[in-house]
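> Numbering (the numbering used here), first residue to last: 3 to 423. Each residue gets a CB set at the ideal place from its N, CA and C atoms; glycine is no exception. These numbers were taken from a predicted model, which means no experiment stands behind them.
#1: How is residue 27 classed by DSSP in three states: helix, strand or coil?
#2: Whole beta strand (DSSP E) runs in the region 336-415 with 3 or more residues, listed along the chain?
#3: Under 9 Å between the Cβ atoms of residue 132 and residue 170?
#4: Could you give the first and the last residue of the continuous beta strand (DSSP E) run that contains residue 222?
#5: Which residues in the same chain have their Cβ closer than 6 Å to the Cβ of residue 316, if we skip the five residues on either side of it in sequence?
#6: When we look at the beta-carbon of residue 422 and count the other beta-carbons within 10 Å, is it buried (16 or more) or exposed?
#7: Could you check if residue 269 is buried or exposed, using at least 16 other CB atoms within 10 Å of its CB as the buried criterion?
#8: Which one of 392, 181, 235 and 187 has the shortest CA to CA distance from residue 226?
#9: Just to check my reading of the structure: residue 234 and residue 222 have Cβ atoms closer than 8 Å, yes? What is that Cβ distance to the nearest angstrom?
#10: How long is the line joining the alpha carbons of residue 327 and residue 139, rounded to whole angstroms?
#11: Along the beta strand (DSSP E) that carries residue 161, what are the first and last residues, could you check?
#12: Since residue 166 sits in a beta bridge, which residues does DSSP pair it with?
#13: Taking the straight line between their C-alpha atoms, what separation do you get for residue 182 and residue 363?
#14: Take the Cβ of residue 413 as the centre, count every other Cβ of all protein chains shown within 10 Å, and call the residue buried at 16 or more, exposed below.
#15: Where does residue 113 land, buried or exposed, given buried means 16+ other C-beta within 10 angstroms?
#16: What does the alpha-carbon distance come out to for the pair residue 356 and residue 191?
#17: In angstroms, rounded to a whole number, what distance separates the CA positions of residue 329 and residue 196?
#18: By DSSP, does residue 111 sit in helix, in strand, or in coil?
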């Protein structure tokens, strides 16, 4: 073999080696690219569990990519088989709403019609206050006003009315008439009531808007003068909504599935009902019950391993859960006022109203009712300097000043149209 032939063979070998090395380099590049894509997808799933990988490209494009790899790169031929598929509708769960600036909870408490806990618990919002007066409703009688300095009261609207969800702001008091399911208002000095809206089961007032739950299982807003009613959410059949609270831009509520027995935690933008998200993960088996949102903090009861419940607090956007009371005998909504929390407990056949200082964790008995007919139908209420136990179905109404020494032994009882010791 002469030198020219040898040189041709060497060049041919070199070209073959270059092609082989190029192939190896290409495979290494593809491997790195695959690892990078996998890392990206894993990161997206960790950041957003609801992220759909298939949403990155349509199915048609995906098939084109597969065909390109098989036919142009791997030099494989593919046989296309046509099959008939049935497309089923899918429901995409909205992205979680688990963080916002805490400025969105910078409430002016002077514009708050009532405490959320007062409205949601078994006192049914039959107590509220404004300025130096306390307003309260007596089932089957009507609306009254209490003046703490003289501990005297005045009839405002009386004529066999059943008012709940009291909210007071400015010169008017607002309430839900449970007999007619109407949202009404009256002057704080008394007088005739004015109808604002129909079909109302629950109402909470802040500033110039009511946040309501309708008798038709809707959640919505109504302007304070009764116009501009807007439905933000309509529950499906077999599901029940319950108010949780608000921020300055959103309303929060739960939806309970009465068939599957689980809770969804939904929030809707009050200006754009299409902006609907979840603010907590779904819960089942009553693991979490009676959630309320007051000034940026969630309060709720959480089931423990021994099936008892602890009363807990959690700041919006935080993963830290603080236990306020353990092994609670009653799981009714507490009432939050500043750094104090008022809740009910049962001990020795007596229903108690207790005060918890959330800074020092000091717990104090404020008031009690002994041997009521139905211990589960009594709720705690808070009104300026006074704490109450209301059991409207039993005609039980007791109160005590929170600043009175031994307040539990200095109690007021409502009888014959008046509060008396």
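For this structure:
#1: Counting from 1 along the chain shown, the entry for residue 27 is found at position 25. DSSP, reduced to helix, strand and coil, places residue 27 within a helical segment of the structure shown.
#2: 337-339, 342-349, 352-359, 365-372, 381-385, 388-393 and 398-403
#3: As a first step, residue 132 is located in the chain shown; it is residue number 130 there, counting from the start. As a first step, residue 170 is located in the chain shown; it is residue number 168 there, counting from the start. In this structure, residue 170 lies closer than 9 Å to residue 132 by Cβ.
#4: Your numbering for residue 222 matches position 220 in the chain shown. Per DSSP, residue 222 belongs to the beta strand (DSSP E) from 220-225.
#5: The residue given as residue 316 occupies position 314 in the chain shown. Around residue 316: 300 and 323.
#6: Translated into positions along the chain shown, residue 422 becomes position 420. Per the 10 Å Cβ criterion, exposed.
#7: Translated into positions along the chain shown, residue 269 becomes position 267. By the 10 Å Cβ count, residue 269 comes out buried.
#8: Within the chain shown, numbered from 1, the residue matching residue 226 stands at position 224. Of the listed residues, the one whose Cα sits closest to residue 226 is 187.
#9: The residue you call residue 234 lines up with position 232 of the chain shown. The residue you call residue 222 lines up with position 220 of the chain shown. Going by Cβ atoms, the distance from residue 234 to residue 222 rounds to 5 Å, so yes, they are a contact pair.
#10: To locate residue 327, count along the chain shown from 1; it is residue 325. To locate residue 139, count along the chain shown from 1; it is residue 137. Looking at the two C-alpha atoms, the distance is approximately 30 Å.
#11: Numbered from its first residue, the chain shown carries residue 161 at position 159. Unbroken beta strand (DSSP E) run through residue 161: 154-163.
#12: Counted from its first residue, the chain shown places residue 166 at position 164. Per DSSP, 178.
#13: In the chain shown, residue 182 corresponds to position 180, counting from 1. In the chain shown, residue 363 corresponds to position 361, counting from 1. Roughly 42 Å separates the two Cα atoms.
#14: Sequence index remark: in the chain shown, residue 413 carries index 411 (1-based). Buried: at least 16 other Cβ atoms inside 10 Å.
#15: For the purposes of this step, residue 113 is taken as the residue at position 111 of the chain shown. Under this definition residue 113 is an exposed residue.
#16: In the chain shown, the residue the question calls residue 356 occupies position 354. In the chain shown, the residue the question calls residue 191 occupies position 189. Whole-angstrom Cα-Cα distance: 32 Å.
#17: The count along the chain shown starts at 1 and reaches residue 329 at position 327. The count along the chain shown starts at 1 and reaches residue 196 at position 194. Rounded to the nearest angstrom, the two C-alpha atoms are 45 Å apart.
#18: What you label residue 111 is simply residue 109 of the chain shown in a count that begins at 1. It is helical.
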